[in-house]
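Residue numbers (the numbering used here): 1 to 107.
Ideal Cβ positions, reconstructed from N, Cα and C, are used throughout, including at glycine.
Just below is one structure, and these are the notes that go with it.
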């Protein structure tokens, strides 16, 4: 039975990826990508944040960003509304992204 199932089922190839392999083309930590700069400038213009950090976490291809922003503009708003404000500020960039991680706070 085992030999019969081996012939009928396709062979599965396993691949493993490491974070170091994904970061081969990523810029050094002190170098900021154009996408990061664009997003950061739009957020600074819109929210005048106390703190903002934008990081391309896609390995350098610019399709997944992590945003950490702290602004008085978020005072009194729920987290969902804060995140909606951020995505609305980036409405031109979001369609080209694969993912977006947002962390907001009030300061």
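Looking at C-beta atoms only, is the number of pairs between the region 76-87 and the region 50-64 that lie closer than 8 Å three or more?
no
Host alpha helix (DSSP H) of residue 35 (start-end)
34-47
What does the alpha-carbon distance come out to for the pair residue 52 and residue 43?
8 Å
Please identify the residue among 95, 90, 96 whose C-alpha is closest to the C-alpha of residue 67.
90
Cβ-based burial, residue 35 [other Cβ within 10 Å; buried from 16]:
buried
Inter-residue Cα distance where the pair is residue 86 and residue 73
11 Å
I need the straight-line Cα distance from residue 21 to residue 57, nearest angstrom please.
Per-residue confidence for residue 21 stands at a pLDDT of 38, beneath the threshold of 50, marking its modelled position as unreliable; no derived number is given.
How many Å lie between residue 93 and residue 101 at the Cα?
14 Å
Could you check if residue 95 is buried or exposed, using at least 16 other CB atoms within 10 Å of its CB as the buried criterion?
exposed
Measure the alpha-carbon distance for residue 54 versus residue 39 and round it to whole angstroms.
7 Å
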